[in-house]
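These notes are about the structure you will find just below.
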Amino acid sequence: MTNTLKTLLALFAVLGFLAGCASTTEEIPTDPEPEVEEVVEEVEEVVDTGPDLTGVDTVFYFDYDKSLLKSEARAALMIHAEALKASPRSIRLEGHADERGTREYNMALGERRANAVRDFLVLQGVDSYLIETISYGEERPVAVGSDESSWSQNRRVELK
Amino acid sequence: MIKRLLLVLITACVCQLTHAELVIEITKGLDRPTPIAVVPFGGLNATVQENISDIVSADLLRSGLFRPIEKRDMLGTPTKEADIYFRDWRILGAEFILIGDLQEGTSSYVLEYQLFDVLQQRKIFGKTITGSSRHLRDMAHKVSDDVYLAITGIRGAFSTKILYVEDVLRPGPNRYRLVKADADGAREQILFASSEPIMSPAWANDLKRVAYVSFETSRPAIFIHNLETGERTQLTNFKGLNGAPAWSPDDKRMAMVLSKDGNPEIYVMDIATRKLTRVTHTYSSVIDTEPNWTADGKSLIFASDRGGNPQIYQVALASGRVERLTFEGGYNARPRLSPDGKSLVMVHRENGVFHIAWQDIASGDMRILTETWLDESPSIAPNGAMLLYATQHNKKGVLAAVSMDAGVKFRLPSKQGNVREPAWSPFAD
Numbered sequence: 001m002t003n004t005l006k007t008l009l010a011l012f013a014v015l016g017f018l019a020g021c022a023s024t025t026e027e028i029p030t031d032p033e034p035e036v037e038e039v040v041e042e043v044e045e046v047v048d049t050g051p052d053l054t055g056v057d058t059v060f061y062f063d064y065d066k067s068l069l070k071s072e073a074r075a076a077l078m079i080h081a082e083a084l085k086a087s088p089r090s091i092r093l094e095g096h097a098d099e100r101g102t103r104e105y106n107m108a109l110g111e112r113r114a115n116a117v118r119d120f121l122v123l124q125g126v127d128s129y130l131i132e133t134i135s136y137g138e139e140r141p142v143a144v145g146s147d148e149s150s151w152s153q154n155r156r157v158e159l160k
Numbered sequence: 161m162i163k164r165l166l167l168v169l170i171t172a173c174v175c176q177l178t179h180a181e182l183v184i185e186i187t188k189g190l191d192r193p194t195p196i197a198v199v200p201f202g203g204l205n206a207t208v209q210e211n212i213s214d215i216v217s218a219d220l221l222r223s224g225l226f227r228p229i230e231k232r233d234m235l236g237t238p239t240k241e242a243d244i245y246f247r248d249w250r251i252l253g254a255e256f257i258l259i260g261d262l263q264e265g266t267s268s269y270v271l272e273y274q275l276f277d278v279l280q281q282r283k284i285f286g287k288t289i290t291g292s293s294r295h296l297r298d299m300a301h302k303v304s305d306d307v308y309l310a311i312t313g314i315r316g317a318f319s320t321k322i323l324y325v326e327d328v329l330r331p332g333p334n335r336y337r338l339v340k341a342d343a344d345g346a347r348e349q350i351l352f353a354s355s356e357p358i359m360s361p362a363w364a365n366d367l368k369r370v371a372y373v374s375f376e377t378s379r380p381a382i383f384i385h386n387l388e389t390g391e392r393t394q395l396t397n398f399k400g401l402n403g404a405p406a407w408s409p410d411d412k413r414m415a416m417v418l419s420k421d422g423n424p425e426i427y428v429m430d431i432a433t434r435k436l437t438r439v440t441h442t443y444s445s446v447i448d449t450e451p452n453w454t455a456d457g458k459s460l461i462f463a464s465d466r467g468g469n470p471q472i473y474q475v476a477l478a479s480g481r482v483e484r485l486t487f488e489g490g491y492n493a494r495p496r497l498s499p500d501g502k503s504l505v506m507v508h509r510e511n512g513v514f515h516i517a518w519q520d521i522a523s524g525d526m527r528i529l530t531e532t533w534l535d536e537s538p539s540i541a542p543n544g545a546m547l548l549y550a551t552q553h554n555k556k557g558v559l560a561a562v563s564m565d566a567g568v569k570f571r572l573p574s575k576q577g578n579v580r581e582p583a584w585s586p587f588a589d
């Protein structure tokens with residue numbers, strides 16, 4: 001949990017820094033106003049466009065036969081949640097399973113994973129009507145091998 | 161019987177494949193299969209497009225119960241009873257001899273064939289069937305069915321069909337295919353192709369329709385596909401899972417899994433009225449899936465992880481009473497009942513590896529039938545003698561078959577993509 005918080009704080013710090021840089025370059029040539037008002041404008045701008053999601057994970061991985069969110073996934077999803085609250089948009093969560101086990105059971109497992117991500121986002125305050133969950137089971141692997149490295153890439157939820 | 165041969169299904173909008181036929185490789189046979197001489201048929205047999213006696217020979221070989229005598233060892237090729245020298249065939253070790261003669265009739269081919277018991281020097285049966293040039297393979301499988309029944313006492317399933325899903329692993333509008341073929345893999349027809357996944361094909365018992373799951377709407381949905389007209393009907397469009405369709409024995413109802421109420425539960429839909437009845441009632445996050453009807457249409461067996469890991473259960477539709485059927489191992493799923501209802505087959509995990517297992521329902525005794533890797537989707541032949549399943553071979557998805565006593569095994573390798581999810585058709589009547 002401490003690690004998660006640290007990661008989050010670090011990420012927000014980077015985001016804040018990036019936002020600051022962007023607006024600074026915009027403001028310099030045109031704005032003769034006092035410094036205090038300038039800060040207020042910056043904040044409004046960030047709220048309008050939502051946080052910068054560049055580099056934030058959109059694929060979240062799971063352990064075999066599990067639908068428990070890992071700490072990396074929770075950290076990234078908190079950023080997504082903030083972005084979705086700031087500027088709501090419809091998203092699609094696509095759940096997937098590795099090839100082991102039966103196909104229809106894996107459909108259910110993929111859905112369970114997509115639901116775990118949905119529930120986490122809703123707990124963070126995202127409106128549930130923005131979220132559609134779909135399971136592809138084992139039907140759409142990203143890695144085709146029959147080994148743990150392929151399987152671990154295929155047990156995933158993709159946020160789209 | 162002849163009428164049945166002529167009643168070959170006419171499928172609309174069907175493309176014939178030439179390069180993707182499945183080829184049978186026998187991987188294990190009985191220790192002592194019955195030697196039979198399938199003598200090359202006379203008349204037009206060698207000149208028509210399909211060599212009927214070769215097809216019969218391959219059918220009988222594939223059953224694992226027969227060892228056809230090599231043609232090169234035969235001392236003669238009789239086509240009439242009077243030309244059979246039983247002593248010659250007895251020396252070759254043949255217990256039975258099949259002879260036949262194909263002639264051109266007024267509007268179709270006429271095939272006469274006779275089966276003899278070599279040791280008793282006795283005719284077992286003699287028959288005549290007719291069919292057009294399109295029906296030569298059907299005629300061959302009919303001969304195989306007759307021979308199989310006469311010798312084993314079990315109805316042959318050589319005339320039945322299979323469905324399977326193929327993934328050619330190249331993105332595009334024809335990536336995923338639903339394929340229909342003869343039980344020996346010949347005469348493949350693509351029923352439906354899509355850029356999106358296709359799953360869980362299921363035969364209607366009338367053989368006129370199939371159901372499957374297609375993702376073509378960007379969500380999983382159950383479709384009914386009429387094989388005679390080519391017409392497709394979307395049966396379900398619920399939020400969440402729409403899967404595992406299974407026709408009731410009278411084809412009036414469809415069992416399925418839906419997660420519209422939160423978690424995957426078993427439902428039964430009346431196909432004509434689309435009225436839904438929820439069958440299972442578990443608490444949130446439990447998975448109930450993969451329903452399969454009992455022959456009386458009064459119960460479903462299905463997989464559920466309500467006990468902590470996937471096991472097979474049976475639910476009575478009238479009372480809703482649920483009974484657990486499997487207790488061995490930590491993963492049992494995708495159950496299918498044998499035609500006599502006395503046993504079931506399933507996907508069973510042992511030491512982390514997935515195999516097909518058979519279980520006697522009354523005693524609970526379980527037997528693992530396969531030793532291959534990532535085995536799934538068992539589908540039992542309508543005569544209960546063998547089952548088809550999907551497995552991996554040389555890193556490709558292939559179909560394989562195993563007899564219910566595990567004594568006979570063969571593989572049907574695909575020449576192009578990955579094949580999976582075989583569904584063996586019921587008998588045609």
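Sequence order for the protein chains is A and B.
Per the numbering used here, the very first residue in the first sequence carries number 1; after that it's consecutive.
Per the numbering used here, the very first residue in the second sequence carries number 161; after that it's consecutive.
Just so you know, even glycine gets a beta-carbon here, dropped at the ideal spot from N, CA and C.
Treat the numbers as computed from the prediction; the structure is a model and nothing was measured.
* In this structure, what does DSSP give as the bridge partners for B:R282? -> Locating residue 282 of chain B in the second sequence gives position 122, counting from the first residue. When beta bridges are read from the DSSP output, B:R282 appears opposite B:D277.
* Please compile the residues from chain B whose C-beta is within a distance smaller than 9 Å of the C-beta of A:I131. => Here residue 131 of chain A is taken as the residue at index 131 of the first sequence, counted from 1. Those do not exist, as A:I131 stays about 12 Å from chain B at its closest Cβ, beyond 9 Å.
* To do: Could you tell me whether the segment 281–291 of chain B touches the segment 197–207 of chain B, using the rule of 3 or more Cβ pairs below 8 Å?
  => With a cut-off of 8 Å on Cβ pairs, the segment 281–291 of chain B is not in contact with the segment 197–207 of chain B, counting fewer than three such pairs.
* Asked: Using the rule of at least 16 other Cβ atoms within 10 Å of the residue's Cβ for burial, across every protein chain shown, is A:R156 buried or exposed?
  -> Here residue 156 of chain A refers to the residue found at position 156 of the first sequence. Its Cβ being crowded by 16 or more others within 10 Å, A:R156 is buried.
* To do: Please confirm whether B:A541 and B:W584 have their CB atoms less than 8 Å apart.
  => As a first step, residue 541 of chain B must be located in the second sequence, where it is residue number 381. As a first step, residue 584 of chain B must be located in the second sequence, where it is residue number 424. Cβ atoms of B:A541 and B:W584: closer than 8 Å.
* Figure out for me which residue from B:F276, B:V370, B:H301 and B:M359 has the closest Cα to the Cα of B:R379. => Residue mapping note: residue 379 of chain B aligns to position 219 of the second sequence, counting from 1. Comparing Cα-Cα distances from B:R379 to each of B:F276, B:V370, B:H301 and B:M359, the minimum goes to B:M359.
* For B:T288 and chain A, any beta-carbon pair shorter than 8 Å? -> Within the second sequence, residue 288 of chain B is the residue found at index 128, counting from 1. Closer than 8 Å: no.
* Is B:Q209 helix, strand or coil when you go by DSSP? -> Taking the second sequence and counting its residues from 1, the one referred to as residue 209 of chain B is at position 49. Correct three-state label for B:Q209: coil.
* To do: Using a threshold of 8 Å, state whether the C-beta atoms of B:A550 and B:R580 are closer than that.
  => Within the second sequence, numbered from 1, the residue matching residue 550 of chain B stands at position 390. Within the second sequence, numbered from 1, the residue matching residue 580 of chain B stands at position 420. It is a contact, given that the beta carbons lie within the stated cut-off.
* Asked: When we look at the beta-carbon of B:P331 and count the other beta-carbons within 10 Å, is it buried (16 or more) or exposed?
  -> Counted from its first residue, the second sequence places residue 331 of chain B at position 171. Around the beta-carbon of B:P331, fewer than 16 other beta-carbon atoms lie within 10 Å, marking it exposed.
* To do: Check the Cβ of B:P470 against every Cβ in chain A and list those closer than 7 Å, keeping chain order.
  => Counting from one through the second sequence, the residue named residue 470 of chain B turns up at place 310. In chain order: Y105.
* Taking B:S459 as the reference, which of B:L309, B:S479 and B:K412 has the closest Cα? -> Within the second sequence, numbered from 1, the residue matching residue 459 of chain B stands at position 299. Closest by alpha carbon: B:S479.
* chain B contacts made by the segment 57–75 of chain A, where a contact means CB separation under 9 Å -> Taking 9 Å as the Cβ-Cβ cut-off against chain B, the residues of the segment 57–75 of chain A that qualify are D65 and S67.
* To do: List the endpoints of the continuous beta strand (DSSP E) containing A:Y135.
  => The sequence position of residue 135 of chain A within the first sequence is 135, counting from 1. Note that residue 135 of chain A is Ser in the sequence shown here, rather than Tyr. Element bounds for A:S135: I131 to G137.
* chain B partners of A:I134, CB-CB under 9 Å? -> Numbered from its first residue, the first sequence carries residue 134 of chain A at position 134. Per Cβ cutoff of 9 Å: F375, S378, R379, P380 and G400.
* Which one or two residues does DSSP pair with B:S539 in a beta bridge? -> Position 379 of the second sequence, counted from the first residue, corresponds to residue 539 of chain B. Per DSSP, B:L548.
* A:D65 beta carbon less than 8 Å from that of A:W151 -> Here residue 151 of chain A is taken as the residue at index 151 of the first sequence, counted from 1. Here residue 65 of chain A is taken as the residue at index 65 of the first sequence, counted from 1. No, these two residues do not count as a Cβ contact at 8 Å.
* Looking at the C-beta of B:I447, does it have a partner C-beta in chain A at a distance below 8 Å? -> As a working note, residue 447 of chain B is residue 287 in the second sequence. It does: the Cβ of B:I447 has a partner Cβ on chain A nearer than 8 Å.
* Asked: Based on Cα-Cα distance, which residue from B:L534, B:N452 and B:S354 lies nearest to B:L504?
  -> On the second sequence, residue 504 of chain B is found 344 positions in, with the first residue counted as 1. Closest option to B:L504, judged by alpha-carbon separation, among B:L534, B:N452 and B:S354: B:N452.
* Would the segment 430–439 of chain B and the segment 81–94 of chain A be scored as touching if the rule is three or more Cβ pairs under 8 Å? -> Per the Cβ contact rule, the segment 430–439 of chain B is not in contact with the segment 81–94 of chain A (fewer than 3 Cβ pairs under 8 Å).
* **Alpha carbon of B:R481 to alpha carbon of B:I461, nearest angstrom** => By 1-based counting over the second sequence, the position of residue 481 of chain B is 321. By 1-based counting over the second sequence, the position of residue 461 of chain B is 301. Approximately 12 Å between the Cα atoms of the pair.
* How would you write the range of the beta strand (DSSP E) that B:Y427 sits in, first residue to last? -> Stepping through the second sequence from its first residue, residue 427 of chain B is reached at position 267. That run of the beta strand (DSSP E) goes E425 to D430.
* Beta-carbon proximity list for B:S444, same chain, < 8 Å, skipping 5 on both sides -> Against the second sequence, residue 444 of chain B aligns to sequence position 284. The answer, listed in chain order, is G422 and N423.
* By the 10 Å Cβ neighbour count, where 16 or more other Cβ atoms means buried, how is B:R337 classified, buried or exposed? -> Translated into the one-based positions of the second sequence, residue 337 of chain B becomes position 177. Buried, by the Cβ-count rule.
* If contact means a Cβ-Cβ distance below 9 Å, which residues of the segment 478–492 of chain B contact chain A? -> Cβ contacts with chain A: Y491.
* Counting contacts by CB-CB distance shorter than 8 Å, is A:G101 in contact with chain B? -> For this step, residue 101 of chain A is matched to residue 101 along the first sequence. Taking a beta-carbon distance threshold of 8 Å, A:G101 counts as an interface residue toward chain B.
* Between B:T207 and the rest of its own chain, which residues show a CB-CB distance below 6 Å, the 5 nearest in sequence each way excluded? -> Position 47 of the second sequence, counted from the first residue, corresponds to residue 207 of chain B. Hits under 6 Å: none found.
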